[in-house]
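Peer 1: Mapping to UniProt numbering: the sequence shown position 466 is 466, numbers consecutive. The structure is given below, and queries will be raised subsequently.
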Amino acid sequence: MASSTDLVSSLSSGENRATKLDAAEVRALVKAAGLSISDSAIEEWRVLLGSFEDCAQLILQEDHCLPIPDPDRYLRTNIQIPENTEKGGWATRCSVKSTAPTSALLAGRTVAVKDNIAVAGVRCTNGLPPVNGEWIPTYDATIVTRVLDAGGIVTGKAACENACMEPISNTSYTGVVHNPFADGYTCGGSSSGSGRLVAIGAADMALGADQGGSIRIPAAFCGIVGLKPTWGLVPYTGILGLQSVIDHTGPMTTTVRDNARLLEAISGPDGIDDRQPFFMAPESLRFSSALDEFLAAGATKPQDQLLKGFKIGILKEGFTGKQMDAHVAKACRSAISDLKEMGAEIVEVSVPNHEQICVIWMCALPLRAGREGLLGDTTGRKQLELIDRGAVAAPAMGPSQKALLSQEFFDALGPGAQNLYLRYLYVNDKYGASLHAKCMNLLNKATQAYDAALGSVDVLVMPTVPMPALPFLGGPNSTTGRSQAGPLESLSYPLGVLSNTAQFNSTGHPALSLPVGFVPAPDNADVKLPAGLQIVGKRFEDLTCYKVAGAWEESKDWKTLVFAE
């Protein structure tokens with residue numbers, strides 16, 4: 001085959017040393033595009049396209065340039081599929097640690113990693129069965145490397161719901177995940193295993209991912225702290241996503257202090273992920289130490305001075321949805337009253353189209369999430385391409401070489417992901433790019449609306465989820481937690497779960513779920529389940545969310561608070 005120098009020189013001199021394509025192949029290509037080219041021009045296009053083919057072959061011989069970790073520095077042992085999954089929490093167990101950590105920020109802390117995040121040498125299921133074989137990455141996601149460099153120990157992969165597309169925890173290939181406070185009830189999703197494992201103490205911390213609420217919903221249902229950081233604050237490199245404009249990854253912990261500690265370890269640009277700014281001032285990433293300093297100063301103040309100077313906005317529409325549970329609303333309003341007693345000024349603010357913005361998020365999802373999340377088409381992005389994963393999740397090719405899912409792959413999807421794929425086909429055929437483009441402009445307007453609401457306050461507050469954890473569709477006494485319900489019932493059942501979370505995936509504002517007490521289960525008053533308050537901040541002011549949440553957590557023990565009347 002010709003070298004790149006030969007190819008350039010042959011074209012510039014008018015010589016034809018490049019591969020000639022067959023004329024019929026060129027004519028077929030042109031015809032399929034609805035074009036017409038003269039026979040004399042076909043001959044010249046054979047030369048030009050042939051030279052391009054040689055260039056492509058040169059590129060295909062190059063190394064993939066994947067960031068393979070040093071096996072001596074990052075030790076990996078005890079990789080196994082566990083018999084004891086902690087009621088569905090674990091997908092895979094392992095022990096991964098650094099022999100030369102660069103800091104002690106997470107020294108000795110055990111960390112569970114959501115099963116859509118790459119850990120070298122450990123299977124990554126994304127909640128799906130291995131239709132074309134298991135994906136075992138050869139590299140670590142950036143955030144995994146950062147956890148190891150900070151002294152953390154990765155002890156396993158936490159269960160992930162099917163294709164990251166389910167807000168309830170009975171769809172993962174690795175098994176049903178039970179709520180830590182009541183078997184037969186959901187943990188939320190899609191970071192279901194991360195929520196359960198942290199809540200029961202099986203891991204000190206966990207890494208989750210969030211496209212519509214997938215960190216915050218499990219945090220609320222499991223009674224832990226979960227932060228969806230500002231979009232672009234934490235690199236998504238090496239993580240399976242749905243759509244780049246809504247993909248977030250972040251920390252899940254039992255306390256606000258630990259959450260800030262984990263965020264500090266994983267945040268900042270990695271020079272690969274195109275979601276991120278090229279530079280962030282190191283002092284702006286001192287979440288743990290800055291929070292510790294704030295809370296230490298507060299310890300010397302009277303209770304009614306802890307949040308003096310903070311102005312907190314109650315988002316009116318965050319409490320008015322059709323699925324709003326009265327006990328969850330009461331728990332959240334009680335926590336807000338506590339914030340007022342700590343010196344914060346409390347005002348009501350309104351974003352009238354808050355509910356509609358969730359609908360815009362839904363309509364924006366199919367086109368790009370179908371291509372990126374299901375078909376693996378991330379062209380046009382500047383990022384690490386997960387090429388090895390594509391080898392086991394490659395789509396079938398339909399008419400005119402259109403990428404489609406195989407029947408076997410489609411059947412392996414849960415109802416949420418099947419719904420996404422069928423919507424993708426529908427939108428692609430009926431609207432093309434026009435609907436997605438309209439949604440993007442509307443979401444820019446939505447971002448401005450929340451920015452305006454935050455212009456007069458430091459944070460917005462509302463329930464994370466308007467109801468407590470739901471029983472599985474098969475009923476809380478179901479032996480498997482699974483249901484034979486059809487797609488309509490399955491998708492309608494958790495309606496409203498994302499009604500306060502998905503908006504902020506589209507706008508990129510930081511949003512933290514804080515446990516604020518127990519409430520009765522929706523089907524059984526004797527079962528008590530956690531409720532979460534969502535605290536939303538200005539973009540790149542995640543620390544402010546931590547300060548408000550940390551002040552409340554230092555003053556209250558949420559597990560002693562029950563709102564049952």
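From the three backbone atoms N, C-alpha and C, an ideal C-beta is built for every residue, glycine too.
1. Can you tell me which of the three DSSP states LYS547 falls into?
2. I need the straight-line Cα distance from GLU408 to ALA502, nearest angstrom please.
3. Cα separation between CYS222 and GLY195?
4. Using 10 angstroms around the beta-carbon of ALA551, count the other beta-carbons present and answer buried if the total reaches 16, otherwise exposed.
5. Cα separation between ARG286 and ILE153?
6. What did DSSP end up calling ASP292 once you bin it into helix, strand or coil?
7. Return the chain-ordered ranges of every beta strand (DSSP E) run that is complete within the segment 62 to 147 and spans a minimum of 3 residues.
8. Going by DSSP in three states, PRO520 sits in which element: helix, strand or coil?
9. Report yes or no: do three or more beta-carbon pairs, one from the segment 133 to 151 and one from the segment 60 to 71, lie closer than 8 Å?
10. Is the beta carbon of GLN276 sitting closer than 8 Å to the one on GLN243?
11. Tell me which residues share the same chain as ILE360 and place their Cβ nearer than 8 Å to its Cβ, disregarding the 5 neighbours each side in the sequence.
12. What's the C-alpha gap between ALA549 and ALA220?
13. Under the assumption that GLN534 contacts MET462 (Cβ atoms under 8 Å), give the Cβ distance between them as a whole number of angstroms.
14. Please confirm whether PRO466 and SER492 have their CB atoms less than 8 Å apart.
15. Relative to the alpha-carbon of ALA265, which residue among THR255, GLY250, ASP274 has its alpha-carbon at the smallest distance?
16. Looking only at its own chain, which residues have a Cβ that is under 6 Å from the Cβ of TRP558, when we skip the five neighbours before and after it?
17. Could you tell me which residues DSSP puts in a beta bridge with GLY226?
18. Do you know how far the Cα of LEU386 is from the Cα of LEU58?
19. Should ILE241 go down as buried or exposed, given a rule of 16 or more other Cβ atoms within 10 Å for buried?
20. Is the segment 49 to 58 touching the segment 79 to 95, taking contact as three or more C-beta pairs under 8 Å?
21. Please name the residue in ALA393, ASP388, LYS382 whose C-alpha comes closest to that of GLY373.
22. Using the Cβ count rule (16 or more neighbours within 10 Å means buried), how would you classify ARG73?
23. Determine the extent of the alpha helix (DSSP H) in which GLY43 is found, giving its start and end residues.
24. How far does the beta strand (DSSP E) with residue 587 in it reach, from first residue to last?
25. Pick out the complete beta strand (DSSP E) segments inside the segment 307 to 344, 3 residues or longer, and give them in chain order.
26. Mind checking which residues open and close the alpha helix (DSSP H) that includes ILE153?
27. Tell me which residue opens and which closes the alpha helix (DSSP H) that MET440 is part of.
28. Applying the criterion that 16 or more other CB atoms from any shown protein chain within 10 Å of the CB defines a buried residue, is PHE278 buried or exposed?
29. Determine the direct distance from the alpha carbon of THR320 to that of ALA297, and round the result to whole angstroms.
30. Any idea if GLU553 is buried or exposed, counting beta-carbon neighbours within 10 angstroms, 16 or more meaning buried?
31. Taking C-alpha atoms, which residue in LYS157, SER284, LEU454, LEU495 lies nearest to ILE79?
32. Which residue marks the beginning of the beta strand (DSSP E) containing PRO463, and which one marks its end?
33. Taking just the CA atoms, how far does ALA209 sit from LEU75?
34. Short check: CB of ILE37 to CB of ALA23, under 8 Å?
35. On the criterion of 16 or more Cβ atoms from any shown chain inside 10 Å, does SER434 qualify as buried, or is it exposed?
36. To the nearest angstrom, report how far apart PRO167 and ASP377 are at their CA atoms.
Peer 2: On the basis of the data shown:
1. helix
2. 30 Å
3. 6 Å
4. buried
5. 21 Å
6. helix
7. 74 to 80, 90 to 98, 110 to 114
8. strand
9. yes
10. no
11. CYS439, LEU442, LEU443, ALA446, SER506
12. 14 Å
13. 5 Å
14. no
15. GLY250
16. PRO515, VAL516, GLY517
17. MET252, SER513
18. 20 Å
19. Note on identity: in this sequence residue 241 is Gly, with Ile being the wrong assignment. Classification of GLY241: buried, given that the 10 Å Cβ count is 16 or more.
20. no
21. ALA393
22. exposed
23. According to the sequence shown, residue 43 is Glu rather than Gly. That run of the alpha helix (DSSP H) goes 39 to 60.
24. It is not possible to answer for residue 587, since the shown part of the chain is limited to 1 through 565.
25. 311 to 315
26. First-last for ILE153: 153 to 158, but that is the beta strand (DSSP E), not the alpha helix (DSSP H).
27. 434 to 454
28. exposed
29. 37 Å
30. buried
31. LYS157
32. 459 to 463
33. 25 Å
34. no
35. exposed
36. 24 Å
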